[in-house]
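Peer 1:
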Amino acid sequence: MVNPQMVMYEEEFNQIQTVVDHLVKSANAKSVFIVDKNGQLIAASGDVEHLDTTSLASLTAGNIAATGGMAKLLKENEFATQFHEGERANVYITLVGNRVILVVIFDAKSSLGLVRLRVKKASEELNHIFENLLKKVQEPGGDSPFAEITDEDIDNLFND
Amino acid sequence: MSFINLMAREINCKIVYYGPGLCGKTTNLQYIYERTNPEAKGKMISLATETDRTLFFDFLPLALGEIRGFKTRFYLYTVPGQVFYDASRKLILKGVDGVVFVADSQIARMEANQESLENLRTNLAEQGYSLDKIPYVIQYNKRDMPDIATCEELREVLNPTNVPEFEACARTGVGVFDTLKAVAKLVLTELKKGGP
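Residue numbers (this note's numbering), protein chains in the order written: chain A, 3 to 162; chain B, 267 to 462.
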């Protein structure tokens with residue numbers, strides 16, 4: 003198996019959510035996201051109601067993938083962080099454990115220095131959580147939660 | 267790599283539309299976008315050049331409905347078809363769960379189809395996937411054009427392993443949803459097995 007399926011369990015989800023919730027406050031950020039490298043949103047916190055989080059997640063992953071491609075061409079392992087500065091909003095993007103992407107959106111109420119500092123600590127915590135999660139997913143006997151779906155269930159999805 | 271969120275009860279899968287330049291990958295996504303209920307789709311994003319050629323990718327999130335209480339979401343991506351965008355194509359294939367190869371039926375594009383299919387195989391292999399193992403369907407697009415190859419000819423050259431194939435005219439929508447349903451079904455069946 004090249005890419006083990008990513009499964010998110012309640013326990014780890016809550017741990018991740020706690021970290022991102024805390025990061026929004028400690029970094030004085032507007033919002034924080036966790037996105038997997040394939041562009042799927044894992045967790046979000048802060049002012050996210052009016053944001054198109056699905057599109058942001060996909061574009062962030064595309065961005066990280068493109069930057070990773072550039073790194074490879076320049077014989078770098080990875081460019082782990084990116085910073086985009088706007089007039090009102092700034093985005094700080096960092097790779098966590100080469101597995102997931104942490105995105106912090108902040109405005110003038112915070113600063114790059116503070117965000118960097120807080121992200122560092124949050125990254126370590128997240129890395130630890132994702133390591134455990136990956137171990138859990140790879141444990142033998144961890145059947146796919148979809149083992150019981152029938153062909154009929156799948157057909158029903160396409161009947162309308 | 268599908269992403270299953272047991273907490274939010276969601277399954278997320280990634281489908282990539284591959285094929286030579288101007289074969290109709292973006293048109294497939296545009297048709298799906300136009301004909302899907304607003305509540306079942308997100309925004310379609312196209313990272314294209316000024317002349318509307320795909321530069322990096324098109325992206326369309328779709329919610330297909332629920333299976334046993336799990337919301338199924340499919341993220342559709344296209345790759346840039348032009349030969350020199352190969353670095354970008356490789357990136358988009360990362361974590362793919364299912365592939366649609368869109369072939370251009372016009373006789374003049376036969377060589378481009380073959381080249382793109384070979385490129386797909388190579389790029390998948392680089393990521394550790396095999397085209398013979400992952401959910402994969404093929405679409406013979408532009409059936410409404412003059413000077414097209416017959417399906418038999420296309421099959422012989424592009425589909426020796428006999429994967430599900432569909433005739434299509436993406437501009438008018440013929441075959442577009444059949445193709446999508448077929449690949450989505452294969453992806454879900456694979457998920458049931460616990461793969462990929």
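All C-beta atoms in this analysis are idealised placements derived from N, C-alpha and C, irrespective of residue type, glycine included.
Just so it is clear, the structure is predicted and the values come from calculations on it, not from any experiment.
(1) Can a CB atom of chain B be found closer than 8 Å to the CB of valine 4 of chain A?
(2) Using a Cβ-Cβ cut-off of 8 Å, state whether tyrosine 341 of chain B counts as contacting chain A.
(3) So with CB distances below 7 Å, who are the chain B contacts of leucine 159 of chain A?
(4) Isoleucine 281 of chain B and valine 453 of chain B: beta carbons closer than 8 Å?
(5) Short of 7 Å in beta carbon distance, which residues of its chain neighbour leucine 359 of chain B, apart from the five on each side in sequence? Order them along the chain.
(6) With burial defined as no fewer than 16 other Cβ atoms inside 10 Å of the residue's Cβ, what is the status of proline 401 of chain B: buried or exposed?
(7) Please list, in chain order, all residues of the same chain as tyrosine 299 of chain B whose beta carbon is under 7 Å from its beta carbon, the five residues on each side excluded.
(8) Apply the 10 Å Cβ neighbour rule to asparagine 40 of chain A and answer buried if 16 or more other Cβ atoms are within range, or exposed otherwise.
(9) Got a sec: is the Cβ-Cβ distance from serine 382 of chain B to anything in chain A below 8 Å?
(10) State buried or exposed for threonine 152 of chain A, treating a residue as buried only when at least 16 other CB atoms are found within 10 Å of its CB.
(11) Rounded to whole angstroms, what is the Cα-Cα separation between lysine 77 of chain A and valine 37 of chain A?
(12) Nearest CA to the CA of glycine 331 of chain B: which residue from B:Asn428, B:Ile277 and B:Val365?
(13) Out of curiosity, what's the CA-to-CA distance linking valine 423 of chain B and isoleucine 373 of chain B?
(14) How far does the alpha helix (DSSP H) with glycine 347 of chain B in it reach, from first residue to last?
(15) When the Cβ atoms of the segment 92-103 of chain A are set against those of the segment 128-135 of chain A, are three or more pairs found closer than 8 Å?
(16) Relative to the ligand ZN, is the shortest distance from any of its heavy atoms to the C-beta of asparagine 271 of chain B smaller than 7 Å?
(17) Tell me whether isoleucine 277 of chain B sits in a helix, a strand or coil according to DSSP, three-state version.
(18) Using 8 Å as the cut-off, can you tell me whether the segment 404-411 of chain B makes contact with the segment 310-319 of chain B, which would need three or more C-beta pairs spanning the two stretches below that distance?
(19) Tell me the rounded alpha-carbon separation between threonine 292 of chain B and proline 286 of chain B.
(20) Can you pull the chain B residues whose beta carbon is under 7 Å from the beta carbon of valine 9 of chain A, in chain order?
(21) Can you find the residues in the same chain that come closer than 6 Å, C-beta to C-beta, to serine 354 of chain B, ignoring five residues on each side of it along the sequence?
(22) Just to confirm, is the Cβ distance from isoleucine 44 of chain A to valine 102 of chain A under 8 Å?
(23) Anything in the segment 352-365 of chain B with a Cβ closer than 7 Å to a Cβ of chain A? List those residues in chain order, please.
(24) Residues in the same chain with beta-carbon distance under 7 Å from glycine 335 of chain B, minus the five sequence neighbours each way, listed in chain order, please.
(25) Do three or more CB pairs link the segment 373-383 of chain B to the segment 410-429 of chain B at distances below 8 Å?
(26) Could you check what DSSP says for proline 462 of chain B in three-state terms: helix, strand or coil?
(27) Any beta-carbon of chain B closer than 8 Å to the one on serine 47 of chain A?
(28) Helix or strand or just coil, what does DSSP make of asparagine 129 of chain A?
Peer 2: On the basis of the supplied data:
(1) Within the first sequence, the letter at position 2 stands for residue 4 of chain A. In this prediction, valine 4 of chain A has a pLDDT of 46, which is less than 50 and means its spatial position is unreliable; what the coordinates show is noted afterwards. It does: the Cβ of valine 4 of chain A has a partner Cβ on chain B nearer than 8 Å.
(2) Walking along the second sequence from the start, residue 341 of chain B turns up at place 75. Tyrosine 341 of chain B counts as touching chain A.
(3) Start at 1 with the first residue of the first sequence, and residue 159 of chain A comes out as number 157. Around leucine 159 of chain A, the beta-carbon contacts reaching into chain B at under 7 Å are Leu330, Gly331, Ile333 and Thr338.
(4) The count along the second sequence starts at 1 and reaches residue 281 of chain B at position 15. The count along the second sequence starts at 1 and reaches residue 453 of chain B at position 187. In contact: isoleucine 281 of chain B and valine 453 of chain B (Cβ atoms closer than 8 Å).
(5) Residue numbering aside, residue 359 of chain B sits at position 93 when the second sequence is read from its first letter. Hits under 7 Å: Val282, Asn389, Leu390 and Gln393.
(6) Counting from 1 along the second sequence, the entry for residue 401 of chain B is found at position 135. The residue is buried, with at least 16 neighbouring Cβ atoms inside 10 Å.
(7) Residue 299 of chain B sits at position 33 when you count from the first residue of the second sequence. These residues qualify, in order along the chain: Lys307, Met310 and Leu326.
(8) Walking along the first sequence from the start, residue 40 of chain A turns up at place 38. Buried is the call here.
(9) Working through the second sequence from its first residue, we reach residue 382 of chain B at position 116. Taking Cβ atoms only, chain A never reaches closer than 8 Å to serine 382 of chain B, which makes this a no.
(10) As a first step, residue 152 of chain A must be located in the first sequence, where it is residue number 150. By the Cβ-count criterion, threonine 152 of chain A is exposed, with fewer than 16 other Cβ atoms from all chains shown falling within 10 Å of its own Cβ.
(11) What you label residue 77 of chain A is simply residue 75 of the first sequence in a count that begins at 1. What you label residue 37 of chain A is simply residue 35 of the first sequence in a count that begins at 1. In this model, lysine 77 of chain A and valine 37 of chain A are separated by some 25 Å (Cα to Cα).
(12) Your numbering for residue 331 of chain B matches position 65 in the second sequence. Nearest option by C-alpha distance: B:Ile277.
(13) Here residue 423 of chain B refers to the residue found at position 157 of the second sequence. Here residue 373 of chain B refers to the residue found at position 107 of the second sequence. Those two C-alpha atoms are separated by around 12 Å.
(14) Position 81 of the second sequence holds residue 347 of chain B. That residue, glycine 347 of chain B, is in no alpha helix (DSSP H); it is neither H nor E in DSSP.
(15) By the criterion of at least three beta-carbon pairs nearer than 8 Å, the segment 92-103 of chain A is in contact with the segment 128-135 of chain A.
(16) Within the structure as shown, the ligand ZN is missing, as the structure has no ligands at all.
(17) For the purposes of this step, residue 277 of chain B is identified with residue 11 of the second sequence, where counting begins at 1. It is a strand residue.
(18) Between the segment 404-411 of chain B and the segment 310-319 of chain B, the count of Cβ pairs shorter than 8 Å is below three; the stretches do not touch.
(19) Translated into the one-based positions of the second sequence, residue 292 of chain B becomes position 26. Translated into the one-based positions of the second sequence, residue 286 of chain B becomes position 20. Whole-angstrom Cα-Cα distance: 12 Å.
(20) Here residue 9 of chain A corresponds to residue number 7 of the first sequence, with the count starting at 1. Neighbours of valine 9 of chain A on chain B, chain order: Ile270 and Leu272.
(21) The sequence position of residue 354 of chain B within the second sequence is 88, counting from 1. Excluding its 5 nearest sequence neighbours in each direction, serine 354 of chain B has C-beta neighbours in its own chain below 6 Å: Phe322 and Pro346, listed in chain order.
(22) As a position in the first sequence, residue 44 of chain A is number 42, starting the count at 1. As a position in the first sequence, residue 102 of chain A is number 100, starting the count at 1. Result yes, Cβ atoms of isoleucine 44 of chain A and valine 102 of chain A sit closer than 8 Å.
(23) Within the segment 352-365 of chain B, the residues whose Cβ lies closer than 7 Å to some Cβ of chain A are Ala353, Leu357, Lys360 and Gly361, listed in chain order.
(24) Within the second sequence, residue 335 of chain B is the residue found at index 69, counting from 1. Cβ neighbours of glycine 335 of chain B beyond the five flanking positions: Arg275.
(25) With the cut-off at 8 Å, the segment 373-383 of chain B and the segment 410-429 of chain B touch.
(26) For the purposes of this step, residue 462 of chain B is taken as the residue at position 196 of the second sequence. Below a pLDDT of 50, predicted positions are generally treated as unreliable, and proline 462 of chain B, at 45, falls in that range; no measurement from the model is reported.
(27) Taking the first sequence and counting its residues from 1, the one referred to as residue 47 of chain A is at position 45. It does not; no Cβ of chain B falls within 8 Å.
(28) Sequence index remark: in the first sequence, residue 129 of chain A carries index 127 (1-based). When DSSP states are grouped into helix, strand and coil, asparagine 129 of chain A belongs to the helix group.
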